[in-house]
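See below for the structure under consideration.
Number of protein chains: 2
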Amino acid sequence: MARESKTKYILLGMLAIKNCSGYDIKQMIDVNVGYFWQESNGQIYPTLKKLEECKLIERIEEDRDSTREKKIYTITLEGKRIFQNWVEEDEYILSIRNEFLLKLTFGTNLTVRKNIERLKKYKRGVSEKKTILESMKSRLGLEEQTDQHIYWYIQLDSGILMSQAMSEWCDLSISRLEKLGG
Amino acid sequence: MARESKTKYILLGMLAIKNCSGYDIKQMIDVNVGYFWQESNGQIYPTLKKLEECKLIERIEEDRDSTREKKIYTITLEGKRIFQNWVEEDEYILSIRNEFLLKLTFGTNLTVRKNIERLKKYKRGVSEKKTILESMKSRLGLEEQTDQHIYWYIQLDSGILMSQAMSEWCDLSISRLEKLGG
DNA sequence: CCAGGCATGTAATCTGTTACATGATTTA
DNA sequence: TAAATCATGTAACAGATTACATGCCTGG
Numbered sequence: 005m006a007r008e009s010k011t012k013y014i015l016l017g018m019l020a021i022k023n024c025s026g027y028d029i030k031q032m033i034d035v036n037v038g039y040f041w042q043e044s045n046g047q048i049y050p051t052l053k054k055l056e057e058c059k060l061i062e063r064i065e066e067d068r069d070s071t072r073e074k075k076i077y078t079i080t081l082e083g084k085r086i087f088q089n090w091v092e093e094d095e096y097i098l099s100i101r102n103e104f105l106l107k108l109t110f111g112t113n114l115t116v117r118k119n120i121e122r123l124k125k126y127k128r129g130v131s132e133k134k135t136i137l138e139s140m141k142s143r144l145g146l147e148e149q150t151d152q153h154i155y156w157y158i159q160l161d162s163g164i165l166m167s168q169a170m171s172e173w174c175d176l177s178i179s180r181l182e183k184l185g186g
Numbered sequence: 005m006a007r008e009s010k011t012k013y014i015l016l017g018m019l020a021i022k023n024c025s026g027y028d029i030k031q032m033i034d035v036n037v038g039y040f041w042q043e044s045n046g047q048i049y050p051t052l053k054k055l056e057e058c059k060l061i062e063r064i065e066e067d068r069d070s071t072r073e074k075k076i077y078t079i080t081l082e083g084k085r086i087f088q089n090w091v092e093e094d095e096y097i098l099s100i101r102n103e104f105l106l107k108l109t110f111g112t113n114l115t116v117r118k119n120i121e122r123l124k125k126y127k128r129g130v131s132e133k134k135t136i137l138e139s140m141k142s143r144l145g146l147e148e149q150t151d152q153h154i155y156w157y158i159q160l161d162s163g164i165l166m167s168q169a170m171s172e173w174c175d176l177s178i179s180r181l182e183k184l185g186g
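Residue numbers (our numbering), protein chains in the order written: chain A, 5 to 186; chain B, 5 to 186.
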């Protein structure tokens with residue numbers, strides 16, 4: 005049966021914030037919530053099509069500026085209803101697959117030195133992401149404080165705090181392994 | 005093409021630690037690495053079958069105690085080789101889908117009070133998991149310190165630190181929302 | 001005796017990724 | 001002019017979940 009896809013809800017949610025194209029949505033997802041939610045184009049475009057067929061979203065005329073082909077969508081009342089129902093449900097799926105942690109768990113099959121290197125590299129990646137999130141947060145702080153903003157703020161903080169914790173964990177783990185004789 | 009399934013590697017990895025059954029493996033995954041890796045029975049059993057066909061694992065006689073049907077597997081040399089190759093590859097997939105954070109991002113569609121409630125509930129869940137991980141860690145500390153142990157120790161710490169950070173983030177977010185007038 | 005855990009497994013079905021195709025426009 | 005980015009989309013294919021089936025054993 006494969007559980008119900010949540011893709012439609014994130015698309016509706018983004019369109020509830022503002023009218024945009026599939027490409028815009030993909031950007032917004034990658035940039036803003038990419039650290040806890042991913043969608044591929046292979047999901048986005050077909051889902052947009054289906055949503056339009058079901059009249060949960062509609063195409064509008066992109067009034068301006070595009071010589072480029074760009075399909076701008078807007079959410080319908082029915083779309084908002086469906087979206088709202090989903091937001092109100094107090095249940096959440098959580099799926100994670102972190103292959104880095106998995107390989108580290110089996111770290112005994114590698115030299116200590118190699119594991120330390122990996123942790124250092126991983127930490128660099130985590131720190132970069134944290135920096136990006138922090139700059140997004142400060143940019144958000146400069147803009148006007150709408151109701152929407154507070155939740156984006158909170159959500160960004162979760163990413164920042166997680167990155168921070170991950171980074172500290174890397175240091176801790178590195179020093180543990182170094183004591184072992186790296 | 006759908007990316008290569010990693011299921012076989014975690015099964016091989018568990019069998020590299022000790023001989024066990026599909027049921028045992030499922031338990032080990034849920035309990036030990038469940039917070040960053042999940043597998044369902046619908047993946048585990050068919051994969052075990054395939055691995056046996058490819059001679060990467062073998063059935064052994066469960067010497068004792070079971071009136072119950074239980075198929076114990078052991079990893080073969082070829083299986084170890086395949087597993088080792090995977091561990092040595094310095095590349096990792098990471099996929100996360102946290103529907104809680106997603107709904108919170110769209111929190112403006114709910115009352116502030118409701119979002120606070122959700123955060124409190126979420127925090128309880130996070131704290132429970134943290135407690136479990138901590139008890140696992142102290143249990144691990146009591147057992148003999150093998151080479152394997154240090155990596156499980158480190159891996160557990162990542163879960164504990166993440167839970168801790170998440171928990172703090174919940175508090176922070178709750179107080180932010182309360183200031184808004186919850 | 002019955003609920004729940006132990007234990008294995010399959011079928012149905014959808015989900016989701018990758019890789020590719022296409023073409024315009026911008027930038028170096 | 002070549003590479004990168006904008007922009008939409010599809011096909012192929014495997015991945016993965018859920019739900020169910022089966023049956024034994026244990027504890028209350």
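Cβ coordinates follow ideal geometry from the N, Cα and C atoms, glycine included. Please read these numbers as outputs of a predicted model, since none were measured by experiment.
Contact with chain A by residue i, beta-carbon distance below 8 Å
i, result
"M166 (chain B)", "yes"
"S25 (chain B)", "no"
"I152 (chain B)", "The question names Ile, yet the displayed sequence has Gln at residue 152 (chain B). Taking Cβ atoms only, chain A reaches closer than 8 Å to Q152 (chain B), which makes this a yes."
"R1 (chain B)", "Outside the displayed span of chain B (5 to 186) sits residue 1 (chain B), for which this structure offers no information."
"G111 (chain B)", "yes"
"D28 (chain B)", "no"
"V4 (chain B)", "Here chain B has residues from 5 to 186 only, and residue 4 (chain B) is not among them."
Coarse secondary structure for residue i, derived from DSSP in three states
i, result
"E103 (chain B)", "helix"
"T78 (chain B)", "strand"
"G181 (chain A)", "It is Leu, not Gly, that sits at residue 181 (chain A) in the sequence shown. Three-state result, L181 (chain A): helix."
"L114 (chain B)", "coil"
Minimum Cβ-Cβ distance from residue i to chain B less than 8 Å
i, result
"I158 (chain A)", "yes"
"L81 (chain A)", "no"
"Q149 (chain A)", "no"
"Y96 (chain A)", "yes"
"V91 (chain A)", "yes"
"L137 (chain A)", "no"
"S144 (chain A)", "Checking the displayed sequence, the identity of residue 144 (chain A) turns out to be Leu instead of Ser. No - not a single Cβ of chain B is within 8 Å of the one on L144 (chain A)."
Next on the checklist: Please list, in chain order, the residues of the stretch 170–183 of chain A that have any C-beta partner in chain B closer than 8 Å.
Outcome noted: M170, E172, W173, L176, S177, R180, L181
Next on the checklist: Does the stretch 24–32 of chain B come into contact with the stretch 159–170 of chain A, if we say contact requires no fewer than three beta-carbon pairs (one atom in each stretch) closer than 8 Å?
Outcome noted: no
Checklist entry - Three or more beta-carbon pairs under 8 Å between the stretch 171–179 of chain A and the stretch 122–131 of chain A, yes or no? => result yes
Item to check | Minimum length 4: unbroken alpha helix (DSSP H) runs contained in the stretch 35–72 of chain A | outcome: 45–57
Checklist entry - When you check each C-beta in the stretch 6–22 of chain A against every C-beta of chain B, which residues fall closer than 7 Å? => result K10, I14, G17
Checklist entry - Do the stretch 89–106 of chain A and the stretch 130–149 of chain B touch if we need at least three Cβ pairs shorter than 8 Å? => result no
Checklist entry - Is the stretch 58–66 of chain B touching the stretch 125–144 of chain A, taking contact as three or more C-beta pairs under 8 Å? => result no
Item to check | Residues, ordered as in the chain, of the stretch 47–65 of chain A that lie near chain B by beta-carbon distance below 8 Å | outcome: none
Item to check | Ranges of the alpha helix (DSSP H) found wholly within the stretch 114–172 of chain A, counting only runs of at least 4 | outcome: 116–146
Item to check | the stretch 10–18 of chain A in contact with the stretch 39–49 of chain A per 3-pair CB rule at 8 Å | outcome: yes
Checklist entry - Would the stretch 96–107 of chain A and the stretch 92–110 of chain B be scored as touching if the rule is three or more Cβ pairs under 8 Å? => result yes
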